[in-house]
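Peer 1: The structure follows.
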Amino acid sequence: MIVDLNSSKARDFNCDICVVGSGAVGLALGWQLLSSGKSVLLLESGGYEHELREQELYRSSITGLSFYGAQIGRFRVIGGSTTRWGGQILPLEPLDFQKRDWVEASGWPIAYSDLSPYFALASSFLGSDQLNFDTDLLSRFDIAANPFDQNDLNYFFSKWSPHPDLRTVYLPLMQEAENLTLLYHANLTRIGLSETHESVSFLELKNQELQSFSVQAEIVILCLGGIENTRVLLANDSQKKHGIGNESGLLGKYLQDHPFLKVGTVNARDPKTMEKYFHARRDESGRGYTPRISITAAKQKELAVLNASAYLEPEYPLKLLTKCQLANLLRRVKEGGGSARQISEHFQSLLGAEMQLLFGKMRVPRSQQYTLCMMTEQEPSLNSFISLSDKRDRYGIPLTKIHWDTTEKTWSTVLKFSELIQKQFLKAGFSEIQFFDYLKTSYQNARYLFQDFYHHMGTTRMSASAETGIVDQDSKVFGLSNLYVISSSVFPTGGHSNPTFTTIALALRLLDKLELLKQES
Ligand SMILES: Cc1cc2nc3c(=O)[nH]c(=O)nc-3n(C[C@H](O)[C@H](O)[C@H](O)COP(=O)(O)OP(=O)(O)OC[C@H]3O[C@@H](n4cnc5c(N)ncnc54)[C@H](O)[C@@H]3O)c2cc1C
34 MIVDLNSSKA RDFNCDICVV GSGAVGLALG WQLLSSGKSV LLLESGGYEH
84 ELREQELYRS SITGLSFYGA QIGRFRVIGG STTRWGGQIL PLEPLDFQKR
134 DWVEASGWPI AYSDLSPYFA LASSFLGSDQ LNFDTDLLSR FDIAANPFDQ
184 NDLNYFFSKW SPHPDLRTVY LPLMQEAENL TLLYHANLTR IGLSETHESV
234 SFLELKNQEL QSFSVQAEIV ILCLGGIENT RVLLANDSQK KHGIGNESGL
284 LGKYLQDHPF LKVGTVNARD PKTMEKYFHA RRDESGRGYT PRISITAAKQ
334 KELAVLNASA YLEPEYPLKL LTKCQLANLL RRVKEGGGSA RQISEHFQSL
384 LGAEMQLLFG KMRVPRSQQY TLCMMTEQEP SLNSFISLSD KRDRYGIPLT
434 KIHWDTTEKT WSTVLKFSEL IQKQFLKAGF SEIQFFDYLK TSYQNARYLF
484 QDFYHHMGTT RMSASAETGI VDQDSKVFGL SNLYVISSSV FPTGGHSNPT
534 FTTIALALRL LDKLELLKQE S
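The opening residue of the sequence shown carries number 34 in this note's numbering; numbering runs sequentially from there.
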């Protein structure tokens, strides 16, 4: 059932499980819970359409490096950011979970092998195939082997969800559901704790008319996205002085994204070979795949660098963008409420993503020139954090203040990875890379070059103990018996992989722990 809280007569709701947020994670949980036999309430602040007044709730002040994703990299609507995301699928790698003595504050309390059993089901949820990301896809696309020295570079494909707007698949199922109600225009405004502060006793909701409602649930799972989970926990400070789950003082700390940078260009000597190895492609059923390169685990250790990946973006003439696609781009940015400067600065990066989509849909001339794009892991740092502003939203909740910063290791990773790719390109017979001059600059200047990539991680850190994190290894908030957070905000470190696939695997693992996982892949 799907219900608009703006027109609800009921004021109090009871359920077994309350999932808050209907983005990628909320929909994945809702989908699995459809067959759980439990009564489920899926709460969503937004409605069916993107609305400026909802998006305003995400307004943030920025005090560190530019961080456009706070405003235009998340969407407050049914389906959350998946209404506008790319849908690129790639799991984190085994080394990403390990403690690395050359990476500050690294190490998850769980291993890759704890999550990998849920990848097949996460793939089914996103509509992707069950092939592995390297050997299976290489042979599918007639590529004999990794063209590089496999001690230095990995070569693999990421996948794209064929139906990235997940609402189109899962809302019809929820509309029909008997045990699940999706309640929209339902804004979580307060988490009420029991007298002993050891469990959540109620949630306060407000609709768009500012009327109050209350929810009582056995289990509450917060799925508000990488930034908003943190804001809500910090803002609930009336019963817990520094916010819920913040005994460690680390709530909001270690903000990470995937710093993104264009590092150089490649003029193809042999366009046909370049197309074979570096162009995005679709299979017969229309599923998209993008070739990527990353540094091997052994090489990361040898060079003492972070994880990082790169891909080649073919340069096509601008005239290929249709008027309609241009209008779409501008609308997308405008709805996020960006300034004219933000719009123009972001136009170029969106253009790149748009070209990849476009490429899958129409035949374009073979590209002669490519841009080498890089996204790196970010070393967790206490100097990169989320806190609360003095300003409040229309529900009286403090707005978010974001201070995003990188460490010098990000820059040394870019430089060493660039060197490695150049060496391997020449060895493999590909054309030489012409690096941009700004690679010669110092880290202090270079940090301003990084763009955020709308992957918000780290600020409700998963940890083995309450002294060093916010949630335990099952994503349960320390000190509370029935409150969970599922989001990339729990990632202690984020590798280079787009985070959503791994986050969905975390959600499915939680259901398994709660003995609520029903569907096999
Ligand atoms: C343009 C773009 C491209 C992207 N491309 C990729 C990609 O290719 N691959 C990838 O892995 N990731 C990508 N991402 C990131 C990806 O979209 C997010 O990682 C993912 O959506 C996170 O899912 P989530 O459920 O945690 O949060 P969200 O999808 O943000 O959902 C959170 C939900 O919570 C709701 N909510 C928030 N606050 C409240 C409240 N107080 N009360 C009730 N409800 C509330 C929101 O309205 C929203 O529906 C992209 C993001 C953008 C913007």
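From the three backbone atoms N, C-alpha and C, an ideal C-beta is built for every residue, glycine too.
If we ignore side chains and look at the alpha-carbon of each, how far apart do LEU503 and GLN249 end up?
Peer 2: Correcting the residue type first, residue 503 is Ile in the shown sequence and not Leu. Straight-line Cα distance between these residues: approximately 23 Å.
Peer 1: Compare the C-alpha of VAL518 against each of ASP147, ILE277, ILE95 and name the closest.
Peer 2: Per the Cα distances, ILE277.
Peer 1: Which runs of the alpha helix (DSSP H) fall wholly inside the stretch 90 to 152 and span at least 4 residues, in chain order?
Peer 2: As far as the stretch 90 to 152 is concerned, its whole alpha helix (DSSP H) runs of at least 4 residues are 102 to 105, 145 to 148.
Peer 1: Relative to the alpha-carbon of TYR322, which residue among LYS473, LYS309, THR329 has its alpha-carbon at the smallest distance?
Peer 2: The shortest Cα separation from TYR322 among LYS473, LYS309, THR329 belongs to LYS309.
Peer 1: Buried or exposed for ALA43, going by 16 or more other Cβ atoms inside 10 Å?
Peer 2: Burial call: exposed.
Peer 1: Taking all protein chains shown into account, do 16 or more other C-beta atoms lie within 10 angstroms of the C-beta of GLY258, making it buried, or fewer, making it exposed?
Peer 2: Buried is the call here.
Peer 1: Any Cβ of chain D within less than 8 Å of the Cβ of TYR322?
Peer 2: No chain D is present in this structure, which holds just one protein chain.
Peer 1: Please work out which residues of its chain come closer than 7 Å, Cβ to Cβ, to ARG302, disregarding the five sequence neighbours upstream and downstream, and give them in chain order.
Peer 2: So the qualifying residues of the chain are SER464.
Peer 1: With a CB to CB cut of under 7 Å and the five nearest residues on each side skipped, what residues in its chain are close to PHE174?
Peer 2: If we look at PHE174 and ignore the five residues flanking it on each side, its Cβ neighbours are ARG314.
Peer 1: Does the distance from the C-beta atom of ASP485 to that of GLY102 stay below 8 Å?
Peer 2: It is a contact, given that the beta carbons lie within the stated cut-off.
Peer 1: The beta strand (DSSP E) with LYS434 in it runs from where to where?
Peer 2: Unbroken beta strand (DSSP E) run through LYS434: 431 to 436.
Peer 1: So if DSSP puts LYS460 in a beta bridge, which residue, or which two residues, is it bridged to?
Peer 2: Beta-bridge pairing links LYS460 to no other residue.
Peer 1: Candidates GLU410, TYR471, ARG320: which alpha carbon is nearest PRO195's?
Peer 2: Among GLU410, TYR471, ARG320, the Cα nearest to that of PRO195 belongs to ARG320.
Peer 1: What I want to know is whether the C-beta of SER521 ends up closer than 7 Å to one or more non-hydrogen atoms of ligand 1.
Peer 2: Within the cutoff, so yes.
Peer 1: Flag this pair as touching only if the stretch 71 to 87 and the stretch 213 to 225 have three or more C-beta atom pairs under 8 Å; answer yes or no.
Peer 2: Verdict: yes, contact present.
Peer 1: May I have the straight-line CA-CA distance separating VAL202 from ILE466, to the nearest angstrom?
Peer 2: Cα-Cα distance, rounded: 42 Å.
Peer 1: What whole-angstrom Cβ distance do GLY79 and TYR217 have, given they're in contact under 8 Å?
Peer 2: Confirmed, Cβ separation roughly 7 Å.
Peer 1: Specify the secondary structure class of PRO413 as computed by DSSP and reduced to three states.
Peer 2: PRO413 falls in the coil class under three-state DSSP.
Peer 1: Which residues does DSSP list as the beta-bridge partners of TRP64?
Peer 2: BP columns for TRP64 are empty, so no partner.
Peer 1: Report the residue ranges of all beta strand (DSSP E) runs contained in full by the stretch 249 to 312; include only those spanning at least 3 residues, in chain order.
Peer 2: The qualifying runs are 293 to 300.
Peer 1: Can you tell me whether DSSP reads SER232 as helix, strand or coil?
Peer 2: Residue state, collapsed to three classes: coil.
Peer 1: Kindly confirm or deny that the stretch 432 to 452 and the stretch 476 to 490 touch, where touching means at least three C-beta pairs closer than 8 Å.
Peer 2: As far as the Cβ criterion goes, the stretch 432 to 452 touches the stretch 476 to 490, which means the pair count is three or higher.
Peer 1: In chain order, which continuous runs of the beta strand (DSSP E) of length 3 or greater are located wholly inside the stretch 506 to 540?
Peer 2: Counting only runs of 3 or more, we get 516 to 518.
Peer 1: Going by beta-carbon coordinates alone, are ASN340 and HIS529 separated by less than 8 Å?
Peer 2: The answer is yes: Cβ separation under 8 Å.
Peer 1: What are the start and end residues of each continuous beta strand (DSSP E) run of 3 or more residues lying completely inside the stretch 170 to 249, in chain order?
Peer 2: Fully enclosed beta strand (DSSP E) runs of 3 or longer: 186 to 193, 213 to 217, 220 to 226, 233 to 239.
Peer 1: Below 8 Å on the Cβ atoms is my contact criterion, and I expect VAL299 with PHE469 to pass it. Report the Cβ-Cβ distance as a whole number of Å.
Peer 2: Between PHE469 and VAL299 the Cβ distance is about 12 Å, and since that is not below 8 Å, they are no contact.
Peer 1: Which of the three DSSP states is assigned to SER327 in this structure?
Peer 2: Reduced to three states, the DSSP call for SER327 is strand.
Peer 1: Quick one: is GLY59 buried, meaning 16 or more other Cβ sit within 10 Å of its Cβ, or exposed?
Peer 2: Classification of GLY59: buried, given that the 10 Å Cβ count is 16 or more.
Peer 1: Does the count of Cβ pairs from the stretch 107 to 125 and the stretch 446 to 460 closer than 8 Å reach three?
Peer 2: They do not touch, by the three-pair rule.
Peer 1: Does TRP437 pass the burial test, meaning 16 or more other C-beta atoms within 10 Å, or should it be called exposed?
Peer 2: Classification of TRP437: buried, given that the 10 Å Cβ count is 16 or more.
Peer 1: In the DSSP assignment, find the alpha helix (DSSP H) that holds ALA479 and state where it starts and stops.
Peer 2: 476 to 479 is the span of the alpha helix (DSSP H), which, as asked, contains ALA479.
Peer 1: Does any heavy atom of ligand 1 sit closer than 7 Å to the C-beta of CYS256?
Peer 2: Under cutoff, so the answer is yes.
Peer 1: Would you identify the three-state DSSP class for ALA57, choosing helix, strand or coil?
Peer 2: Residue state, collapsed to three classes: helix.
Peer 1: Count the other C-beta atoms from every protein chain shown that fall within 10 angstroms of the C-beta of TRP135, then say buried if there are 16 or more, exposed otherwise.
Peer 2: The residue in question, TRP135, is exposed, as its Cβ has fewer than 16 Cβ neighbours within 10 Å.
Peer 1: In the DSSP output, which residue or residues are listed as bridge partners for TYR322?
Peer 2: Partner(s): LYS192, ARG314.
Peer 1: Candidates LEU267, LEU541, THR533, LEU171: which alpha carbon is nearest SER508's?
Peer 2: It is LEU541 whose Cα lies nearest to the Cα of SER508.
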